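Undergrad: Quick note on the working numbering: the sequence shown kicks off at 8 and runs consecutively. Pasting a structure here, questions to come.
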Amino acid sequence: MIEYARNDQDDEARRMMKYLREINELKIGYSSNKSQGKEFSLKDGMYLYEQIKKSKVRETGMIKDIFDCQVFIPRVYRDKVSDFISNIIQKNLVEYTQKECVKYNIPMQQVNSIRYHNIDINKWDKVKVHLPVHNGKPIILIPKTVVRNKQYFDYYNVYDKLIIPYYQTEMANPLNRLLYLASDKPITKGEVKKQFSCSREFVNQFLDINVEKYIQFRENALGV
């Protein structure tokens, strides 16, 4: 999608997002009945695509994947990102589920056809699959490694784990201390947050002039 945005390939982007939906089979963060949240849709996908096109960071290369969008693009939150990723890798998740079921002797049965995105030809294929079923509903498993840190990579995480420690060190420097505090009390994270409140705009301003710090933080956080 990011490549499509860089190259203004609007039709390709629209085709990619045609069948985006909330995958209830995953059962992650959703209610036990029908979904109560707002699922990721074509409209959400095209909003994200248009925002990437407008963003100056697409020229700098700082937006490399969907996780960077959580940092730089307004109205892109974890639940939407989770839906987007789940759609794109649904075939992989089904295959993972099937392997785990074979490994642990969990029965499976054929369920209704699912759509998955064929990245090689940028088309949605429809296939019938075998999955475990609970109370009449199919289940798709998801590896723990997918659920962990990447799910929490957003602008607040960057603010809390990168920017605040940076300014905490800066404020502790005797040469800078008087610029921030008129007392000798300890420089805590809470004190720093009083001086620098969290907003996406503030985070983006910091990252504009600290590109290398962001790249290093991103690599450490996402393991890439």
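Beta carbons: idealized from backbone N, C-alpha and C, even for Gly. Keep in mind it's a predicted model, so treat the numbers as computed, not measured.
1. Using only the alpha-carbon positions, how far apart do Arg207 and Ile146 sit?
2. Return no unless some Cβ of chain C is closer than 8 Å to the Cβ of Val101.
3. Comparing alpha-carbon positions, which option in Tyr56, Glu102, Ile194 and Arg22 lies nearest Arg82?
4. Please classify Leu182 as buried or exposed, where buried requires at least 16 neighbouring CB atoms within 10 angstroms.
5. Thinking Ile59 and Ile73 are a contact (beta carbons under 8 Å), I'd like their distance in whole angstroms, please.
6. May I ask you to list the residues that DSSP assigns as paired with Pro145?
7. Quick check on DSSP: helix, strand or coil for Asp90?
8. I need the straight-line Cα distance from Ile170 to Gln77, nearest angstrom please.
9. With a threshold of 16 other CB atoms inside 10 Å of the CB of Tyr111, please say whether the residue is buried or exposed.
10. Applying the 10 Å Cβ sphere with the 16-neighbour rule, what's the burial state of Ser89?
11. Can you tell me which of Thr152, Asn164 and Tyr103 puts its alpha carbon nearest to the alpha carbon of Leu138?
12. Per DSSP, what kind of secondary structure is Asp17 in: helix, strand or coil?
13. Going by DSSP, what residues sit across from Tyr123 in a beta bridge?
14. On the CB-based measure, 16 or more other CB atoms within 10 Å of its CB, does Tyr2 come out buried or exposed?
15. Tell me where the alpha helix (DSSP H) around Leu49 begins and ends.
16. Specify, as a first and last residue, the run of the alpha helix (DSSP H) that Thr176 falls within.
17. DSSP state of Val83, grouped into three classes?
18. Does the distance from the C-beta atom of Tyr174 to that of Val210 stay below 8 Å?
19. Given this structure, state the Cα-to-Cα distance separating Met3 from Phe79, to the nearest angstrom.
20. Rounded to the nearest angstrom, how far is the Cβ of Asn129 from that of Met8, given a contact under 8 Å?
21. If you drop the 5 nearest sequence neighbours on each side, which residues of the same chain put their C-beta closer than 7 Å to that of Tyr163?
22. Considering only C-alpha positions, which residue in the set Leu214, Ile96 and Lys61 is nearest to Ile30?
TA: Taking the coordinates as given:
1. Between the alpha carbons of Arg207 and Ile146 lies a distance of about 36 Å.
2. Considering every chain present, this structure includes no chain C. It has just one protein chain.
3. Tyr56
4. The residue is exposed, with fewer than 16 neighbouring Cβ atoms inside 10 Å.
5. Incorrect: roughly 10 Å between the Cβ atoms, too far for contact.
6. Val140
7. helix
8. 16 Å
9. exposed
10. buried
11. Tyr103
12. Of the three classes helix, strand and coil, the one that applies to Asp17 here is helix, per DSSP.
13. Asp132
14. Residue 2 is absent from the model: the chain starts at 8 and stops at 231.
15. Leu49 to Lys61
16. Ile171 to Ala179
17. coil
18. no
19. With the chain running from 8 to 231 in the structure shown, residue 3 is simply not present.
20. So it is not a contact: roughly 10 Å between Cβ atoms.
21. Closer than 7 Å at the Cβ level, and outside the excluded window around Tyr163, lie Cys205.
22. Nearest C-alpha to Ile30: Ile96.
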